[in-house]
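One structure is given below, encoded as structure tokens.
Number of protein chains: 2
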Amino acid sequence: MDRSSGKRRKARKPRPDGEESRQRILDAAAEIAGERGYDGTSIAGVSERSGLPASSIYWHFEDKDALIAAVIERSFERWLDGMRGWLEPHTAASPLEHLEQGLRLTAKALLDSPDFLRLGLMLALERRPEEASARKLFLAVRARTFERMLASFSALFAGRLDGRQVRMLATLTMAAADGLFIARELDESLDLAAHLESAATGVLAVAERLARSGPSTRSRTGRAE
Amino acid sequence: MDRSSGKRRKARKPRPDGEESRQRILDAAAEIAGERGYDGTSIAGVSERSGLPASSIYWHFEDKDALIAAVIERSFERWLDGMRGWLEPHTAASPLEHLEQGLRLTAKALLDSPDFLRLGLMLALERRPEEASARKLFLAVRARTFERMLASFSALFAGRLDGRQVRMLATLTMAAADGLFIARELDESLDLAAHLESAATGVLAVAERLARSGPSTRSRTGRAE
DNA sequence: ATTATCTATAGATCTATAGATAATGC
DNA sequence: ATTATCTATAGATCTATAGATAATGC
Numbered sequence: 000m001d002r003s004s005g006k007r008r009k010a011r012k013p014r015p016d017g018e019e020s021r022q023r024i025l026d027a028a029a030e031i032a033g034e035r036g037y038d039g040t041s042i043a044g045v046s047e048r049s050g051l052p053a054s055s056i057y058w059h060f061e062d063k064d065a066l067i068a069a070v071i072e073r074s075f076e077r078w079l080d081g082m083r084g085w086l087e088p089h090t091a092a093s094p095l096e097h098l099e100q101g102l103r104l105t106a107k108a109l110l111d112s113p114d115f116l117r118l119g120l121m122l123a124l125e126r127r128p129e130e131a132s133a134r135k136l137f138l139a140v141r142a143r144t145f146e147r148m149l150a151s152f153s154a155l156f157a158g159r160l161d162g163r164q165v166r167m168l169a170t171l172t173m174a175a176a177d178g179l180f181i182a183r184e185l186d187e188s189l190d191l192a193a194h195l196e197s198a199a200t201g202v203l204a205v206a207e208r209l210a211r212s213g214p215s216t217r218s219r220t221g222r223a224e
Numbered sequence: 000m001d002r003s004s005g006k007r008r009k010a011r012k013p014r015p016d017g018e019e020s021r022q023r024i025l026d027a028a029a030e031i032a033g034e035r036g037y038d039g040t041s042i043a044g045v046s047e048r049s050g051l052p053a054s055s056i057y058w059h060f061e062d063k064d065a066l067i068a069a070v071i072e073r074s075f076e077r078w079l080d081g082m083r084g085w086l087e088p089h090t091a092a093s094p095l096e097h098l099e100q101g102l103r104l105t106a107k108a109l110l111d112s113p114d115f116l117r118l119g120l121m122l123a124l125e126r127r128p129e130e131a132s133a134r135k136l137f138l139a140v141r142a143r144t145f146e147r148m149l150a151s152f153s154a155l156f157a158g159r160l161d162g163r164q165v166r167m168l169a170t171l172t173m174a175a176a177d178g179l180f181i182a183r184e185l186d187e188s189l190d191l192a193a194h195l196e197s198a199a200t201g202v203l204a205v206a207e208r209l210a211r212s213g214p215s216t217r218s219r220t221g222r223a224e
């Protein structure tokens, strides 16, 4: 059924309304999944909100799991668009400016396309045995982002902090972003950019303190890679 | 059906196995809800895992919503047990020690009974229109904890920070706790206590910076109460 | 000929209840 | 008499598919 994976795509051009319908289905699924999570997203609901029958959904997507994974994938691409400029190598003058720029872009991306992180965190907190492809996709994407942050902190504190300490800084930064995102979801009047900026101040203060106290201050805090 | 709300409880003593069954149902529901969220928790699943028929579940709880709310309520009580000592007024010598003690207890409580925050965050991220009683309960409990933190920070920085600044500190602290909890859920080798302690260092650094720069430094960051 | 949508429905699962039966309290 | 469990099932909803039909590409 599913021809979205592009395996043996025919040379022939598809009908123009097909892609539009696919997007309408993804829009509806993203809305509902963002409201109600994985199990709360029913095919009937997506069908109703998109205006297309259930069988059309199954024509475009293999099954419900693939549909949710596609929602994550698309929202991640939009998210990446928002973060472009930071991820491209060396558009900022100094490592510190690079981090600050990353922060501003993160705040903007979180506000522009919150579906990605909201649904992603919901999937991450769930630990269902089967049907994990959407969750796996989110975790892979998240790991990649973490590696970027690691590289950024490494450049900023080269020679002053060891790998374990840099990893802790990146963990704290990502935790602050996740936590502040949740706070803002629960209170939309919260100024996300200002809070992220304060959090960055705190992370840098932790970094200075770690740098002064030398490498390997306490028992291991994370698994070696 | 539901006699759990204790409205017109008869003078007569209930059978001893009743309460035990109720707890087994709650155990099973907590496990499944922690794995799969609200919609993923089916009565059939709870019935199978608890060993009691569905009708027994409905004898003990009004409906599924009440069951999930009871799960939240019980895990919150256990959580509170872990936090007792911090919440009771003035067991610590200084405000700073009070905060540090709260931090240690938070780490311990998060590790001992993670169900409360895991399920709570899942519910918080969802925004379903109906069936909100479990979610409301979690948010109320969360708000109370936030107020305690606010009082604690107020005492610690009395006269040096205004209400808005104290609120930002509490928001950052709670965000760090939420975010680090998620990080630890995704990587159970993560040393939660050490990371929380580092986060606290960062929050205090932010506080010092705010105190030095005087009150009302930038545009409002939160809604007035 | 291929792409996409439509109607209709099979079969599984889910929430909730009816009504009989067992166990305990007074 | 009340508390609690048991069997059985109604009725709704959910995932997924079958098969007819429409629209477009070549």
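So the protein sequences, as listed, match chains W and B.
The first sequence begins at 0 in numbering that gives the first Met the number 0 and counts up one residue at a time.
The second sequence begins at 0 in numbering that gives the first Met the number 0 and counts up one residue at a time.
From the three backbone atoms N, C-alpha and C, an ideal C-beta is built for every residue, glycine too.
This one's a predicted model, so the numbers in the text were calculated from it and none came from an experiment.
Between the region 72–87 of chain W and the region 177–190 of chain W, the count of Cβ pairs shorter than 8 Å is below three; the stretches do not touch. Under the 7 Å criterion on CB atoms, residue 163(B) is classed as non-interfacial with respect to chain W.
Its chain contains 20 as the residues whose beta carbon lies nearer than 7 Å to that of residue 55(B), once the 5 sequence neighbours on both sides are disregarded; these appear in chain order. Excluding its 5 nearest sequence neighbours in each direction, residue 192(W) has C-beta neighbours in its own chain below 6 Å: 106, listed in chain order.
In this structure, the alpha-carbon of residue 45(W) lies about 7 Å from that of residue 24(W). Between the region 163–170 of chain W and the region 145–163 of chain B there are fewer than three C-beta pairs closer than 8 Å, too few to call the two in contact. In the three-state reduction of the DSSP assignment, residue 161(W) falls in the coil class.
The Cβ atoms of residue 198(W) and residue 175(W) sit closer than 7 Å to each other. The Cβ atoms of residue 33(W) and residue 118(W) sit closer than 7 Å to each other. The straight-line gap separating the alpha-carbon atoms of residue 122(W) and residue 133(W) is approximately 8 Å. In the DSSP assignment, residue 199(B) falls within the unbroken alpha helix (DSSP H) covering 191–212.
Residue 204(B) is positioned such that its CB atom lies no closer than 7 Å to that of residue 206(W).
In this chain, the alpha helix (DSSP H) harbouring residue 137(B) covers 132–155. Taking a Cβ-Cβ threshold of 7 Å, the residues of chain W close to residue 38(B) are 35, 36, 38 and 39, in chain order.
Across the structure, residue 131(B) and residue 26(W) are spaced so that their CA atoms are roughly 24 Å apart.
Within chain W, the C-beta atoms nearer than 7 Å to that of residue 202(B) come from 201, in chain order. For residue 105(W), the uninterrupted alpha helix (DSSP H) run begins and ends at 94–111, by DSSP. When C-beta distances to chain B are compared with 8 Å, the residues of the region 176–207 of chain W below that value are 176, 177, 178, 179, 181, 182, 184, 185, 186, 188, 189, 190, 193, 194, 197, 198, 200, 201, 202, 204 and 205, in chain order. In terms of Cα proximity to residue 29(W), the closest of 65(W), 154(W) and 52(W) is 65(W). For the region 110–139 of chain W, the set of positions with a beta-carbon nearer than 9 Å to some beta-carbon of chain B reads 117, 118, 120, 121, 123, 124, 125, 126, 127, 128 and 138 in chain order. Straight-line spacing of the CA atoms in residue 155(B) and residue 94(B) works out to 5 Å. For residue 66(W), no CB of chain B lies under 7 Å from its own CB, so it is not counted at the interface with that chain. Cβ-Cβ distances below 7 Å link residue 137(W) to 71, 119, 122 and 123 in the same chain, with the five nearest sequence neighbours on each side left out; the list follows chain order.
Residue 153(W) and residue 97(W) have their C-alpha atoms spaced approximately 12 Å apart.
Under the criterion of beta carbons closer than 8 Å, residue 177(B) and residue 177(W) qualify as touching, at roughly 7 Å. Close to chain B, meaning a Cβ-Cβ distance shorter than 8 Å, are the following residues of the region 142–174 of chain W: 167, 170, 171, 173 and 174.
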